[in-house]
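Enquirer:
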């Protein structure tokens with residue numbers, strides 16, 4: 089009989105916790121093969137993005153089967169960061185439209201941060217109320233809130249757009265943030281499921297100590313659910329970072345344009361004209377970088393704390 | 071000092087003592103106020119940005135609003151047109167087929183991946199790697215795969231030709247279009263879904279697995295008897311969210327096939343978009359949206375009921 | 011639940027009222043100020059430097075007016091324009107397209123220019139013949155001054171043609187007919203090469219295993235107009251899209267001349283001279299030429315700069331083939347700047363539009379070497395400037411000189427016509443339907459006009 093380790097984030101060298109010690113069964117080989125296959129399919133497109141981003145747009149299609157960049161050049165990255173002149177850009181197949189990269193980056197960061205903060209905070213509050221408090225109409229209201237998940241975004245885009253126009257908020261951060269700030273059904277749903285899984289004994293203990301709901305929530309539940317909450321925050325940050333059609337509608341002006349919308353500048357400029365593939369791929373890599381860094385910074389913490397949430 | 075052994079008429083909900091009952095009611099009322107405080111921002115956001123626009127959209131669905139021309143009330147005409155509209159029914163069929171493929175493929179793979187991550191390795195690096203596709207915007211993922219899967223100069227067909235497999239028109243063939251779009255979306259969301267399930271896996275106490283091993287159960291048996299049942303709340307969440315999200319697929323289609331070839335990938339949300347913003351037939355588009363909303367609500371409701379998502383076996 | 015339902019119903023009723031009064035007609039908010047900032051939208055980034063110079067010179071001559079140019083790519087142009095109109099924030103002046111402005115005139119979004127032209131000019135005779143007429147709407151009023159024009163022609167791989175033994179003279183004088191395809195089909199056959207190196211006109215050519223196709227195909231295959239895909243063939247048979255050159259209300263897709271052409275076109279796929287439509291989804295013709303997968307494409311002159319820039323392939327241009335009636339044909343289109351009816355400073359906007367259509371500004375555009383301006387006197391400058399970048403544009407422009415060009419078939423309900431025809435054409439080109447199915451599609455299209 090093997091003693092099983094508690095959940096640790098890093099495997100001690102040579103041992104994989106949770107499995108019997110002792111090696112290479114056909115089952116494990118198969119499992120590793122599956123995992124590696126999935127990782128390969130997941131990562132190959134990123135390599136392809138890099139390879140295309142380092143290619144020259146005007147000769148890209150001549151060597152479609154080559155795994156190496158075609159006519160290696162840093163031109164695409166220069167275009168994306170706004171460092172290329174018009175002639176340089178057009179010589180390599182770029183459009184020559186201006187790219188105020190740092191402005192767009194700032195906008196994306198600010199908008200995503202605001203949205204995430206609001207969604208996670210208000211979502212956690214609401215999720216706790218639905219999971220642990222008893223009040224009339226609780227389940228009915230929860231179900232109604234869930235229906236917000238079913239609303240096709242296209243359906244609400246235009247009326248929300250008209251609302252922003254009537255409030256005079258078009259092309260401001262407020263318009264980009266507000267519809268998502270107060271609530272997203274996913275956050276409420278997600279956290280409610282986690283809160284449901286927390287054992288009641290802990291709360292009852294707190295209640296016996298005289299803590300009210302507010303104290304219980306902030307002092308006990310939140311620290312306990314740090315894993316899911318941080319996970320949610322990261323996921324929602326990424327989601328709002330990649331939000332496309334709403335910012336396109338209300339935030340097309342340069343001063344509030346986000347990176348994802350700005351990617352449009354690499355698409356076709358004329359009817360049946362071509363895309364600036366290297367530019368688009370370089371822009372994508374650059375746009376994904378901040379979120380990737382965020383994940384690298386917080387990823388370990390998330391993984392560590394997920395292991396301990398809700399465990400008695 | 072009435073011990074209120076006899077409850078006052080209809081006043082208490084069957085509780086033993088009048089004093090206790092009043093105290094409980096007071097507690098309930100306090101709890102209700104606290105709950106209101108906790109949920110107010112969410113409800114506000116819901117009403118202003120989901121409910122009100124939906125109602126407005128509902129109102130527009132009874133008109134022939136076409137942007138800037140004279141609008142008049144047409145009653146149920148849009149809905150009647152919808153019932154007879156072949157393109158609409160085709161779009162629904164296409165969307166259902168897409169959802170089945172996407173959810174089937176994605177959920178099975180996500181559970182597999184989550185279990186692999188959980189049981190095979192603790193590496194944070196690998197966990198991060200599988201999440202990377204999610205960091206890329208949907209439209210760019212679509213364009214990237216559009217480029218890689220191109221029938222004439224894409225790298226995937228190039229690699230297939232090494233094995234003698236003829237060029238496959240992934241996006242251009244009517245039978246391949248939807249499966250391809252399902253694949254692209256799965257590629258992007260696999261890590262995300264797996265991470266959600268993984269979070270649920272981790273909450274299952276290890277003691278249960280220990281006990282199972284003591285009883286001589288195999289990995290497979292433990293998966294079916296312990297893991298899956300205890301994953302129920304998380305799986306319910308994941309399934310509801312991914313099914314609903316799948317029904318609303320749009321970005322990938324808008325950027326690649328644009329509904330083609332010959333409407334083989336004209337999913338319902340793309341159809342709505344085309345009606346509203348290309349053909350400027352906004353009243354009719356609103357009607358289609360309302361129908362979609364109703365269908366999704368029914369599906370989600372049924373799903374939640376079936377999976378009893380409100381309960382948790384962990385206590 | 012019951013209370014929620016009643017509340018929802020009540021709200022729905024309340025919502026109906028404001029929904030109906032969603033937008034004010036734009037003309038009400040328009041004004042005729044002669045100074046201020048004029049916002050100008052255009053989509054072609056290649057022309058941006060030229061137009062910026064025009065703006066600088068205009069501002070110098072008109073100190074009270076500021077021109078703010080915004081370039082919005084084609085893929086987003088019409089969506090953003092619509093949003094801007096709804097937001098009452100439309101640009102004062104914007105580049106418009108023949109296939110789209112019908113929607114604008116139907117909704118009163120753009121300003122008619124007849125009175126302004128009568129009062130201030132310009133002289134409409136200075137424009138290349140035919141370009142101005144495209145901008146007279148179906149209500150008989152003129153909405154734009156043509157700024158450039160384009161035509162359709164052939165781009166082909168000159169190196170491949172040489173290897174195949176095809177001379178430039180042959181390429182400049184192709185013939186075509188729907189029965190055997192004329193010299194056009196023979197050239198396409200010669201240029202097609204299968205994986206074993208066998209050419210299309212040699213025995214043993216395997217149509218299923220082709221390495222290089224003669225003719226490239228676009229996706230979707232033409233829609234309603236077939237501007238670059240097949241209209242240059244159908245028009246040589248005397249066929250027209252509609253009963254009138256512009257703003258027709260009866261389409262002719264049931265005509266045997268049209269259907270025979272499409273049948274010939276589809277036949278190319280079976281013979282292995284053209285890739286199947288399915289494989290065309292997503293790829294750009296320029297990339298196919300570069301990769302050596304196709305040898306010849308028909309495309310518009312507005313993309314000539316892009317083709318000139320393609321690396322790794324040597325291209326040449328040629329005019330479209332001569333048909334059985336003895337003449338060529340090419341669809342021509344012209345773009346124009348239109349003024350938003352809701353703009354508060356239409357006076358200044360009109361000054362800008364007039365300047366854009368003047369020989370001074372058009373000369374600057376011509377020197378840019380991207381498009382051919384519509385002012386006849388400036389055309390040779392443009393042709394020379396474009397030629398200096400590597401590709402000769404005269405095979406395209408000669409069609410206007412020789413009177414063989416025909417206008418883009420502007421019509422109402424353009425988006426719906428395109429939607430119906432795109433699906434129908436795809437079905438035919440993939441072999442799932444016979445060309446005769448286009449008659450049914452034609453009825454659906456014509457029904458749009460009879461139902462109003």
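Protein chains in written order, with this note's numbering: chain S, 89 to 400; chain Y, 71 to 385; chain A, 11 to 462. Ideal Cβ placement from N, Cα and C applies to all residues, glycine included.
#1: Output the boundary residues of the beta strand (DSSP E) element that contains residue 270 (chain A).
#2: Would you please verify whether the beta carbon of residue 101 (chain A) is less than 9 Å from any beta carbon of chain S?
#3: Output the distance between the C-alpha atoms of residue 161 (chain S) and residue 167 (chain S), rounded to the nearest integer angstrom.
#4: Under 8 Å by Cβ, that's how I've got residue 127 (chain Y) and residue 243 (chain S) pegged, so tell me the actual separation to the nearest angstrom.
#5: How many Å lie between residue 308 (chain A) and residue 440 (chain A) at the Cα?
#6: Tell me, to the nearest whole angstrom, how far the beta carbon of residue 372 (chain S) is from that of residue 210 (chain Y); I am working on the premise that it is less than 8 Å.
#7: In chain order, what residues of the segment 337 to 360 of chain S put their CB closer than 8 Å to some CB of chain A?
#8: Suppose the cutoff is 7 Å on Cβ atoms and the five residues either side in sequence are ignored; what does the same chain contact list for residue 224 (chain Y) look like?
#9: Assuming the contact rule is C-beta atoms closer than 8 Å, residue 204 (chain S) and residue 321 (chain S) should be a hit. Round their C-beta distance to whole Å, please.
#10: Check whether the Cβ of residue 343 (chain S) sits closer than 8 Å to any heavy atom of the ligand NAP, and report yes or no.
#11: Have a look at A:163, A:368, A:93 and A:239 and flag the residue whose alpha-carbon is nearest the alpha-carbon of residue 253 (chain S).
#12: Is the beta carbon of residue 139 (chain S) less than 9 Å from the beta carbon of residue 156 (chain S)?
#13: Got a sec: is the Cβ-Cβ distance from residue 324 (chain S) to anything in chain Y below 9 Å?
#14: Starting from residue 175 (chain S), trace the alpha helix (DSSP H) both ways and give me its first and last residue.
#15: Taking only beta-carbon positions, decide if residue 35 (chain A) is within less than 9 Å of chain Y.
#16: So that I know if they touch, is there some Cβ in chain S lying closer than 9 Å to that of residue 287 (chain Y)?
#17: Round the Cβ separation of residue 449 (chain A) and residue 264 (chain A) to the nearest angstrom and send it over; I've been treating them as touching at under 8 Å.
#18: Measuring alpha carbon to alpha carbon, tell me which residue in Y:323, Y:310 and Y:134 is nearest residue 281 (chain S).
#19: Beta-carbon of residue 126 (chain Y) versus every beta-carbon of chain S: anything under 9 Å?
#20: Between the Cα of residue 282 (chain A) and those of A:223, A:78, A:136 and A:322, spot the shortest distance and give me the residue it belongs to.
#21: Under 8 Å, with one C-beta from each stretch per pair, do the segment 351 to 366 of chain Y and the segment 270 to 284 of chain Y reach the 3-pair mark?
#22: Below 9 Å on C-beta distance, what does residue 207 (chain A) contact in chain Y?
#23: Who are the neighbours of residue 6 (chain A) on chain S, taking C-beta pairs under 7 Å?
#24: Residues in its own chain within less than 8 Å of residue 497 (chain A) by CB, not counting five upstream and five downstream?
#25: Given that residue 285 (chain A) touches chain Y, what residues does it touch there, using C-beta distances under 7 Å?
#26: Which of the residues in the segment 212 to 238 of chain A, read from start to end, lie with their CB under 8 Å from any CB of chain Y?
#27: Please confirm if residue 130 (chain Y) has its CB atom under 9 Å from at least one CB of chain S.
#28: Using CA atoms only, rank isn't needed, just tell me which of A:41, A:133, A:360 and A:349 is closest to residue 111 (chain A).
#29: Mind checking the segment 145 to 164 of chain Y against chain A and listing, in chain order, the residues whose C-beta falls within less than 7 Å of any C-beta there?
#30: For a contact defined as C-beta to C-beta under 8 Å, what are the partners of residue 106 (chain A) on chain S?
#31: For residue 346 (chain A), list the residues DSSP reports as bridge partners.
#32: Using DSSP with H/G/I as helix, E/B as strand and the rest coil, what is residue 271 (chain S)?
#33: Taking any Cβ of chain S, which residues in the segment 307 to 322 of chain A have a Cβ under 9 Å from it, in chain order?
#34: Which of the three DSSP states is assigned to residue 170 (chain A) in this structure?
#35: Compare the C-beta of residue 204 (chain S) against all C-beta atoms of chain A and say whether one is closer than 9 Å.
#36: Look up residue 80 (chain A) in the DSSP assignment and give the residues it is bridged to.
Expert: Quick look at the numbers:
#1: That residue, residue 270 (chain A), is in no beta strand (DSSP E); its alpha helix (DSSP H) goes 266 to 281.
#2: Not a single C-beta of chain S is nearer than 9 Å to the C-beta of residue 101 (chain A).
#3: Taking the straight line joining both Cα atoms gives about 11 Å.
#4: About 5 Å separates the two Cβ atoms, so the contact holds.
#5: Distance from the CA of residue 308 (chain A) to the CA of residue 440 (chain A), rounded to the nearest whole angstrom, comes to 20 Å.
#6: About 5 Å separates the CB atoms of residue 372 (chain S) and residue 210 (chain Y); that is less than 8 Å, so the two are in contact.
#7: So the list reads 337, 340, 352, 353, 355, 356, 357, 358, 359 and 360, given in the order they occur along the chain.
#8: Excluding sequence neighbours, residue 224 (chain Y) sits near 217 and 218.
#9: Distance from residue 204 (chain S) to residue 321 (chain S) at the Cβ level is roughly 5 Å; contact confirmed, criterion being Cβ atoms closer than 8 Å.
#10: Ligands in the displayed structure: none, and consequently the ligand NAP is not present.
#11: Selected option, being the one with the closest Cα: A:93.
#12: Yes, they are a contact pair.
#13: Not one chain Y Cβ lies under 9 Å of residue 324 (chain S).
#14: Bounds of the alpha helix (DSSP H) holding residue 175 (chain S) are 174 to 179.
#15: Because the pLDDT of residue 35 (chain A) is 49, which lies under 50, any placement of that residue in the model is unreliable, and the number read from its coordinates should be weighed accordingly. It does; some Cβ of chain Y falls within 9 Å.
#16: It does not; no Cβ of chain S falls within 9 Å.
#17: The pair is a contact, with the Cβ atoms about 4 Å apart (cut-off 8 Å).
#18: For the set Y:323, Y:310 and Y:134, the Cα lying nearest the Cα of residue 281 (chain S) is the one of Y:310.
#19: Contact of residue 126 (chain Y) with chain S is assigned, a C-beta pair being separated by under 9 Å.
#20: Selection A:223, A:78, A:136 and A:322 evaluated against residue 282 (chain A) yields A:223 as nearest (Cα-Cα).
#21: Too few Cβ pairs lie closer than 8 Å, so no.
#22: Result: empty, since nearest Cβ-Cβ is about 17 Å, beyond 9 Å.
#23: Residue 6 (chain A) lies beyond the residue range present for chain A, which begins at 11 and ends at 462; the question has no answer from this structure.
#24: A question about residue 497 (chain A) goes unanswered here, because the residues of chain A that appear run from 11 up to 462.
#25: Contacts between residue 285 (chain A) and chain Y, judged by CB atoms closer than 7 Å, involve 222 in chain order.
#26: Correct list: 229 and 230.
#27: With a threshold of 9 Å between beta carbons, residue 130 (chain Y) makes contact with chain S.
#28: Cα-wise, what sits closest to residue 111 (chain A) is A:349.
#29: Close to chain A, meaning a Cβ-Cβ distance shorter than 7 Å, is no residue of the segment 145 to 164 of chain Y at all.
#30: Going along chain S, no residue has its Cβ under 8 Å from residue 106 (chain A), so there is no contact; the nearest lies around 13 Å.
#31: Residue pairing of residue 346 (chain A) in beta bridges, as defined by DSSP: A:106 and A:156.
#32: Taken through DSSP and simplified to helix, strand or coil, residue 271 (chain S) comes out as coil.
#33: Residues are counted here when their Cβ sits less than 9 Å from a Cβ of chain S; for the segment 307 to 322 of chain A these are 309, 310, 312, 313, 315, 316, 319, 320, 321 and 322, given in chain order.
#34: If DSSP states are grouped into helix, strand and coil, residue 170 (chain A) belongs with the helices.
#35: Not an interface residue.
#36: DSSP output for residue 80 (chain A) lists A:51 as bridge partner(s).
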